[in-house]
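Quick note, my numbering runs 17 ahead of the 1-based positions in the sequence shown.
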Amino acid sequence: MRYIIIGAGAVGGTIGGCLFQGGHDVVLVARGPHLDALRAHGLRLATPAGTYQLGIRAVGGPAEVGLREGDVLILAVKGQHTAALLAEWAWQPAGAGTVAAETVPIVCAQNGVANEGFALRLFRQVYGMCVWLPATHLEPGMVESQGTPLAGMLPVGRYPSGAGPVIERIGADLASSRFLAPVSDDVMRWKYGKLLSNLGNSIEALCGREALHGDDGRELRHRTRAEALAVFAAVGIGYASEDEIMAARGGQVRAGEVNGSARAGGSSWQSLSRGTGTIEADFLNGEIVLLGREHGVPALLNATLQRLANQAAREREAPGSITPAEILSLAT
């Protein structure tokens, strides 16, 4: 298999870098200064065990790849970028008179639970990947992967359910490349469990990591999660519990220091820190808001976080621009 990683940031760079180190054929897809740096110097992958300069091929889009039999697309961008990239890749020639949407498997290595449905509108073979992977991408050409002794836990499975030989092979390749990658016939159950933890991404981005551990920060996280649990109960959504997740991960994936420093913040925190202008809150807190509106369950805190996170991204505010107490007061 050749793995084409669409989005070579923190998650995609770690997955692609580790697969490459594991002896697998990898192509990284990136843009802007990050692409320029990857083309010039390769991927600099910094881990608790050391820093590696990896000469992985990097491209700017599908026209440079030449899709063929045996390719696998791994979509590792944030949810707000999914639709445009699916449309860009789906109708590319893939050999023998076919297009990618008909013959090339795509794996959604993303937070949230909406991406797989978007992909299935276009692609015949869609797989979900639940991403527990501590990593950071703030500088062009460089990804810090803090996971140790394994780089991450990546449960995988077919969407909407099932497994099969393709995802079994992908899971085996990941397992040979420093990942814990159990194959599940209900991968979305894992992803809904991860969604619960990702509801705190906007809180961390808006308030800063330190604020999460104060009384107001704990209350905000608790109430945000409680709204989601009420929505899940009303809709009948099953999810992996915290105990189940911790039991599966065990001590195999811990966040270690890289170059003497701990991870500064998660994916939404990194979006604000880099001033990207967008954030994935619509597919995290916004997912709870959507389900709540569809089923008549209030989700005021999640709606407030969604609005504030998008505003902060648009205005390119740095992390820590508001306190948990202020957010709680806005949502009353």
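Ideal placement from N, C-alpha and C gives every residue a C-beta, glycine not left out.
Roughly how many angstroms lie between the CA atoms of residue i and residue j, to the nearest whole one?
| i | j | result |
| --- | --- | --- |
| Gly78 | Ala342 | 44 Å |
| Arg271 | Pro166 | 7 Å |
| Ala228 | Gly234 | 6 Å |
| Ala152 | Gly30 | 9 Å |
| Glu304 | Val130 | 8 Å |
| Ser214 | Ile254 | 15 Å |
| Ala100 | Val143 | 14 Å |
| Glu334 | Ile344 | 16 Å |
| Gln97 | Gly26 | 15 Å |
| Asp42 | Arg291 | 30 Å |
| Arg138 | Thr64 | 37 Å |
| Gly169 | Trp207 | 14 Å |
| Ile339 | Ser219 | 11 Å |
| Phe37 | Gly268 | 24 Å |
| Thr28 | Met205 | Here the sequence assigns Val to residue 28, which means Thr is not the residue at that position. Approximately 19 Å between the Cα atoms of the pair. |
| Arg74 | Leu90 | 15 Å |
| Gly134 | Gly158 | 31 Å |
| Ser201 | Leu212 | 17 Å |
| Met146 | Gly231 | 32 Å |
| Leu307 | Ala257 | 21 Å |
| Tyr176 | Leu62 | 30 Å |
| Phe249 | His239 | 15 Å |
| Ala80 | Trp108 | 11 Å |
| Asp299 | Arg324 | 9 Å |
| Asp88 | Thr120 | 9 Å |
Using DSSP with H/G/I as helix, E/B as strand and the rest coil, what is residue i?
| i | result |
| --- | --- |
| Phe135 | helix |
| Met53 | Residue identity check: residue 53 is Asp in the sequence provided, not Met. Helix, per DSSP. |
| Ser278 | strand |
| Phe300 | helix |
| Arg226 | helix |
| Phe140 | coil |
| Glu332 | coil |
| Gly112 | coil |
| Gly234 | helix |
| Thr340 | coil |
| Glu86 | coil |
| Tyr176 | coil |
| Pro351 | It is not possible to answer for residue 351, since the shown part of the chain is limited to 18 through 349. |
| Asp203 | coil |
| Arg195 | coil |
| Leu60 | strand |
| Ala126 | strand |
| Leu71 | strand |
| Arg19 | strand |
| Glu161 | strand |
Using a threshold of 9 Å, state whether the C-beta atoms of residue i and residue j are closer than that.
| i | j | result |
| --- | --- | --- |
| Ile296 | Ala316 | no |
| Trp286 | Glu332 | no |
| Val183 | Pro110 | no |
| Ala189 | Ala198 | yes |
| Gly33 | Leu60 | yes |
| Gly114 | Glu86 | no |
| Leu301 | Pro336 | no |
| Gln70 | His51 | no |
| Asn276 | Glu156 | no |
| Thr241 | Leu322 | yes |
| Val46 | Arg19 | no |
| Arg141 | Ala104 | no |
| Leu216 | Ala329 | no |
| Arg226 | Gly273 | no |
Hey, residue i and residue j are a contact pair by Cβ (cut 8 Å); roughly how many whole angstroms apart?
| i | j | result |
| --- | --- | --- |
| Val124 | Leu84 | Wrong, their Cβ atoms sit about 15 Å apart, outside the cutoff. |
| Arg280 | Gln127 | So it is not a contact: roughly 19 Å between Cβ atoms. |
| Ala251 | Asn319 | Not quite, the Cβ-Cβ distance comes to about 14 Å (not below 8 Å), so this is no contact. |
| Ile262 | Gly210 | 6 Å |
| Arg195 | Cys35 | 5 Å |
| Val116 | Ile21 | At roughly 15 Å, the Cβ-Cβ gap does not stay under 8 Å, so Val116 and Ile21 are not in contact. |
| Val314 | Ala247 | 6 Å |
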